[in-house]
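Protein chains in written order, with the working numbering: chain Z, 735 to 1360; chain R, 735 to 1360.
Yeah, the Cβ is synthetic: ideal placement off N, Cα and C, and Gly gets one too.
Structure first, commentary second.
2 protein chains.
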Amino acid sequence: MIAWLRRLLFGRPLETARQKHERLPKFLALPVFASDAVSSVAYGPEEVLIALAVVGNAVWSLSFPIGVFIVILIGIVAISYRQTIHAYPQGGGSYTVAKENLGKWFGLVAAASLLTDYVLTVAVSIAAGIQALVALEPSLYPYRTEACVLSVAIIALANLRGLRESGTLFAPPTYLFIACLYTVVIAGLFKVFTAPRVEPIVPYEFHLPVLNAVGIFIILRAFSSGCSALTGIEAIANGIPAFKPPESRNAATTMSIMAFILGSLVLGISYLAHVYHALPGAFILEHSETLKNLPNYDVLKDQTLVAQLTEHIFGRGMFYAVTQIATMLILVLAANTAFQDFPRLSSILARDRFAPRQLANVGDRLVFSNGIIMLSLFAILLLVIFQGSTTLLIPLYAVGVFISFTLSQWGMAVRQRMLREKLWKLKSAISAVGGTITGIVAIVIATTKFLLGAWIVIIVIPMLVFAFHKINQHYRELADQLRITEAVEPKPIKSTAIVLAPGIHKGILQALEYARTLSHDCRGLYIEIDPNETPLIRDRWERFGLGIPLVILESPYRSVVGPVLDYLEEAKKERPDHVVTVVIPEFVPVKWWHKLLHNQSGFFLKWALMFRRDLVVTNVRYYLEK
Amino acid sequence: MIAWLRRLLFGRPLETARQKHERLPKFLALPVFASDAVSSVAYGPEEVLIALAVVGNAVWSLSFPIGVFIVILIGIVAISYRQTIHAYPQGGGSYTVAKENLGKWFGLVAAASLLTDYVLTVAVSIAAGIQALVALEPSLYPYRTEACVLSVAIIALANLRGLRESGTLFAPPTYLFIACLYTVVIAGLFKVFTAPRVEPIVPYEFHLPVLNAVGIFIILRAFSSGCSALTGIEAIANGIPAFKPPESRNAATTMSIMAFILGSLVLGISYLAHVYHALPGAFILEHSETLKNLPNYDVLKDQTLVAQLTEHIFGRGMFYAVTQIATMLILVLAANTAFQDFPRLSSILARDRFAPRQLANVGDRLVFSNGIIMLSLFAILLLVIFQGSTTLLIPLYAVGVFISFTLSQWGMAVRQRMLREKLWKLKSAISAVGGTITGIVAIVIATTKFLLGAWIVIIVIPMLVFAFHKINQHYRELADQLRITEAVEPKPIKSTAIVLAPGIHKGILQALEYARTLSHDCRGLYIEIDPNETPLIRDRWERFGLGIPLVILESPYRSVVGPVLDYLEEAKKERPDHVVTVVIPEFVPVKWWHKLLHNQSGFFLKWALMFRRDLVVTNVRYYLEK
């Protein structure tokens, strides 16, 4: 039954020999690894506008340069990771790079940051996707947490079934989203350059009573908000072994394609926002008392930046609906990237003995099942605690990614200095500049979002690092203790066998026969609860006990476990050179409820003996027929 | 810590040798065994009046003869049980009597009836007692279920601590109650015979619009309601071994004293109710539209029969309060009788192999702890389901007791016919008449209360009988299968030892050394998950493996359990005359969380091997130091 259900849910087990075939071609690898990064086009440029618009209509002249700088940053990070992909074809990304070039501790910080962020990617993306769904169908609102949990479970299941299937499953929505956004950007640009006059979305200048000056802090914060567009960009570097051979080249090419798509879309959307004077609905709603006299206020306040541009260029038709649905789908599917990365990174950590070794186990369908399950559970926990609300989850997000970017790029900078290959000065400089910038972004995000939730991540990361360290320590100590340093001289072991006999019947006879093969020093042990029964036992033992001596122990307080443990201690002391084997005879009933009809002393004894050293415990079972 | 808490709650364990001393003298046995029976004076005569009063003021002339007949019935039942006590000095009561004289099935019906009724005694008495407490302190009303559960737990604890202590604990309230009621009866009679004129409680004649004719059914129902006074009378016959020697004589004397107290109080209270024209408050409340013009209506409607008589004779003073509190206490303590009887009867059933043998285990404090715990749990279950309401529980009550009375007395009748001792005709006739009357009462109770809840008991009793039968069948079949019929010729056993080796390290080396002592045919078994590791293992095994051959099995689907089980089946087939011993090496970590860091294949293997026949499973443990 269980096996059947398991097969139905996960598919039949795959042979290890098929492992090589479970690799992705580039056109399937792209949606699997890029959905996270590309989906952030849906909120990255919008976050810049929201953060900047507090300065008033200067937003439209400032946002585009920030967008350009984000695209440059995408380029730097992508170039840095292309270098990494070639330098580390076995995968491992920031963790491996930081560990090898900056030392173990930086590596562990990178790993902890990434694992935390993967969990958040799942939680945030699913929450945002379900929020989009709820916006289309408001009656689902009361069930949004359940819908989030269900979505995580479905994606987890798809991943547990195997890698290739998830590639084919997730490709269509990703490509659809990319196609929609390119259509918007290209049509928008065409309109801008061909139309006699640009019609703005927000047709007049506005100023907020709160803030009118442009400070460097505002610009930095807007920039760092926009940097959320970079989350997920490192996915490919961790996942090189999932590519078809030649893995490195395919991965590097895919990285370039992804960076190009991401960069061009961010640039295009930012430019259109600048030209068309778009203002995201979330911002309009927040400052509704100033902005409520906007024409189209009622429509604009519910729209995202992308939605505003789409409607402005194409009107509210079929294409508008398709774009919204594609956005919703890619947000849900972005979570899938984490389902590729988390299990892979945790398996690498496990192989390096920093995480429980079960995370390196390959499951029935040749995926790291335990990592997938662990990620799902943590994401579900977050979604349940934060009730599926993106607003509450967002501040925890992106800190981890930028810590790992920083460590990875400084690692590459150090590495290039050491190896001194062709163009090492330029390459090292690119990495160092990138590392410095992403480091500043990490600090800015952590500072501006600290009280909103970033503190949780800042506490969790060192805790994880400490856990990795302790786990590693255990595995190392274990290996030291178990290592055989030189061949052992075979020496004969002498042994004593003690059969626990609550009476004398066929089951115990079988145990006695077995015990005789263990040792010539073999005894029965009987605990006397009711002294009236002892003569009968003694008599029957003499007749049937195979000549093995019977030790009878009084138990004035009617305990079985106590006297047995005492006697075993004595027996060990008596012959320190012997191995003492305790033989526990058990009869196995046919029906489960028969077990309830017997004293559980055998069970309690086994449990008590688990904590005694230098004893071998043997169960000899006698099977009942009815 | 657990041991300390256990000692605090239950006291320190008592030696088996002290068992003889844990016996009760008569003055302590009486309260322990009689509180249930005597406490029913508080509701027995009252129930007769309530059932009869529907016929109007004819109640006062009819109730006293019914009371007399109940007292005669008490006498018959008591005489019958005195005969039983002498015939069966080892105890066992109705169950033993019915089994020996009417056959196994009647015995099991008696046992099932009694066990059911003991559980109900606890539930009903506790519920009634807490209801009395709530009447004194109405603010406790919302917590009545919790109060019931707590009371059961406290009584259970007292009983788990030992028999003598519960005797001293429960004696004062019982004797106080008996003293109070005798004072009421004697003072009332004195007043009746000395005062010039009797002042009635209800000073005029009344007729209800509902019913004016006196039918035989009404009288029978009133009589059967009053028979609730007999519940608990059989307790002593079950508990003879708890008396100080000479047990039978002491028990018989105590039975007579108890029957005398019960009979005289029922007679006295019934007579006073007849003379003083008492009418229980429950009845007045139910027919308030007819009776609301009674003088003292407001006082009478809240009073029980005993309360009305007490106030009428002594006024509402100190003595009135003491009597009420004593009534409340004895109702709570009546439950204690069941705590003596249930464990004792279930231990007798267990000794006869009709109930799980754990019920015959004597606990730390020389009581049948498991029976006490079982009774408490069932009573708590009933109290929680019925929310501590006496009204809902009462209809389930007394059916069981009268079934057991009937079987017991018919059993005695049959026995006396067979043995033909002195006066056998008279004795047999008494038993037969008693058995017939109690049988009729049982049928009447079951009929009149069927829909109100008696059906539950009528379903549960056959289910219990069936369970007893199946349990007995299992124990008999078990004994047949385990019985050694003749001495076995010692013949040498040949054995094969297979060590499960996930690698080669010190823990496994230890297991190999041990396995060599088991057999000359000794092998290591390695399951290949990752073919790349195999050459290393093979190489190290050659250097360190003590010359024991290593079997390497491929596992294309990465399962460990499957290939191991297959190989063991093969090994068994290969040498059918060998015993196959599976040696599982385990290392035992120092800290609990270290366990989480290792594959649980050892655990899964042990579990899977539990279901395989003809294998001996041996754990060889290697203890880590850090």
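Cβ atoms of valine 811(Z) and glycine 1169(Z): under 7 Å apart, would you say?
-> No, the Cβ-Cβ distance between glycine 1169(Z) and valine 811(Z) is not below 7 Å.
Alpha helix (DSSP H) containing alanine 1147(R): first to last residue?
-> Alanine 1147(R) -> alpha helix (DSSP H) spans 1133-1153.
Residue range of the unbroken alpha helix (DSSP H) whose run includes isoleucine 1263(R) = DSSP places isoleucine 1263(R) in no alpha helix (DSSP H); its state is neither H nor E.
Do you know whose CA, among Ile991(Z), Glu968(Z), Gly778(Z), lies nearest glycine 825(Z)'s CA?
-> Nearest to glycine 825(Z) by C-alpha distance, out of Ile991(Z), Glu968(Z), Gly778(Z), is Glu968(Z).
Residues bridged to leucine 1284(R) by DSSP?
-> Beta-bridge pairing links leucine 1284(R) to Gly1258(R).
Proline 682(Z) versus Leu1358(Z), Val1313(Z), Ala1305(Z), Arg740(Z), residue with shortest Cα-Cα distance = Here chain Z covers residues 735 to 1360 and nothing more, so residue 682(Z) does not appear.
Where the beta strand (DSSP E) containing proline 930(Z) begins and where it ends = No beta strand (DSSP E) contains proline 930(Z), which DSSP labels as neither H nor E.
Pair within 7 Å by beta-carbon distance, leucine 874(R) and valine 868(R) = Between leucine 874(R) and valine 868(R), the CB-CB gap stays under 7 Å.
Taking the DSSP output, what are the residues bridged to isoleucine 1318(R)?
-> For isoleucine 1318(R), which the question treats as bridged, DSSP gives the partners Asn1353(R).
From valine 1354(Z) to phenylalanine 1184(R), what distance separates their C-alpha atoms?
-> Whole-angstrom Cα-Cα distance: 53 Å.
Would a C-beta distance cut-off of 7 Å place threonine 704(Z) and alanine 1231(Z) closer than the cut-off?
-> Nothing can be reported for residue 704(Z): it is not among the residues displayed for chain Z, which extend from 735 to 1360.
Could you please give me the residues that DSSP links to leucine 764(Z) through a beta bridge?
-> None; leucine 764(Z) has no bridge partner.
Cβ atoms of threonine 1140(R) and threonine 1172(R): under 7 Å apart, would you say?
-> Taking 7 Å as the Cβ cut-off, threonine 1172(R) and threonine 1140(R) qualify as a contacting pair.
Proximal chain R residues relative to histidine 1239(Z), where beta-carbon distance stays under 7 Å | Residues of chain R passing the Cβ test: Leu1216, Arg1217, Ile1218.
Use the C-beta contact count for alanine 1094(Z): other C-beta atoms within 10 angstroms, 16 or more gives buried, fewer gives exposed.
-> So alanine 1094(Z) ends up on the buried side.
Valine 1361(R) to valine 1101(Z) span [Cα, whole Å] = The structure shown has nothing for residue 1361(R), since chain R only spans 735 to 1360.
What residue from Pro759(Z), Pro765(Z), Trp839(Z) has the CA that sits closest to serine 1142(Z)'s CA?
-> Measuring from the Cα of serine 1142(Z), the nearest candidate turns out to be Trp839(Z).
Are serine 1004(R) and glycine 827(R) closer than 7 Å when you measure CB to CB?
-> Judged by beta-carbon spacing, glycine 827(R) lies beyond the 7 Å limit of serine 1004(R), meaning their Cβ atoms are not closer than that value.
Could you give the distance in angstroms between the alpha-carbon of leucine 786(R) and the alpha-carbon of histidine 1021(R)?
-> Rounded to the nearest whole angstrom, the C-alpha separation of leucine 786(R) and histidine 1021(R) is 13 Å.
Does any C-beta atom of chain Z lie closer than 7 Å to the C-beta of threonine 750(R)?
-> The Cβ of threonine 750(R) sits closer than 7 Å to at least one Cβ of chain Z.
For the beta strand (DSSP E) that contains alanine 1231(Z), what are its first and last residues?
-> Judged by DSSP secondary structure, alanine 1231(Z) falls within the beta strand (DSSP E) whose first and last residues are 1228-1234.
Is there at least one Cβ from chain Z nearer than 7 Å to isoleucine 1227(R)'s Cβ?
-> By this cut-off, isoleucine 1227(R) is an interface position.
CA-to-CA distance, arginine 741(R) to leucine 848(Z), given in whole angstroms = Leucine 848(Z) and arginine 741(R): Cα-Cα distance of roughly 52 Å.
State yes or no: is the beta carbon of arginine 746(R) nearer than 7 Å to at least one beta carbon in chain Z?
-> Closer than 7 Å: no.
Using 7 Å as the limit for Cβ to Cβ distance, is lysine 1360(R) near chain Z?
-> Yes, contact with chain Z.
Helix, strand or coil at leucine 1100(Z) [DSSP, three-state] = Three-state DSSP puts leucine 1100(Z) in coil, outside helix and strand.
How would you call tryptophan 1275(R), buried or exposed, if buried means at least 16 neighbouring beta carbons within 10 angstroms?
-> Using a 10 angstroms sphere on the CB of tryptophan 1275(R), the tally of other CB atoms reaches 16 or more, which defines it as buried.
How big is the Cα-Cα spacing for isoleucine 808(Z) and leucine 1280(R)?
-> Isoleucine 808(Z) and leucine 1280(R): Cα-Cα distance of roughly 60 Å.
Whole-angstrom Cβ separation of isoleucine 1292(Z) and valine 1096(R), contact assumed at under 8 Å?
-> The sequence shown places arginine at residue 1292(Z), not isoleucine. With 8 Å as the limit, arginine 1292(Z) and valine 1096(R) qualify as a contact, their Cβ atoms being about 6 Å apart.
On the three-state DSSP scale, how would you describe histidine 1011(Z)?
-> The answer is coil: DSSP assigns histidine 1011(Z) none of H, G, I, E or B.
Go to threonine 1163(Z), then tell me how far its alpha helix (DSSP H) extends in each direction, as first and last residue.
-> The identity of residue 1163(Z) in the sequence shown is alanine, whereas the question assumes threonine. Alanine 1163(Z) -> alpha helix (DSSP H) spans 1158-1182.
Mind checking phenylalanine 1345(R): buried by the 16 CB within 10 Å criterion, or exposed?
-> Phenylalanine 1345(R) should be labelled exposed.
Taking only beta-carbon positions, decide if proline 1297(Z) is within less than 7 Å of chain R.
-> Judged by the 7 Å Cβ criterion, proline 1297(Z) is not in contact with chain R.
Taking just the CA atoms, how far does arginine 746(R) sit from histidine 1046(R)?
-> For histidine 1046(R) and arginine 746(R), the distance between alpha carbons rounds to 50 Å.
In chain order, what residues of the same chain have a beta carbon less than 6 Å from the beta carbon of isoleucine 1286(R), not counting five sequence neighbours either side?
-> If you ignore the 5 residues before and after isoleucine 1286(R), its C-beta comes within less than 6 Å of the C-beta of Tyr1260, Glu1262, all in its own chain and listed in chain order.
Span of the alpha helix (DSSP H), counted from its first residue to its last, around glutamate 1045(Z) = Segment 1039-1048, the alpha helix (DSSP H) holding glutamate 1045(Z).
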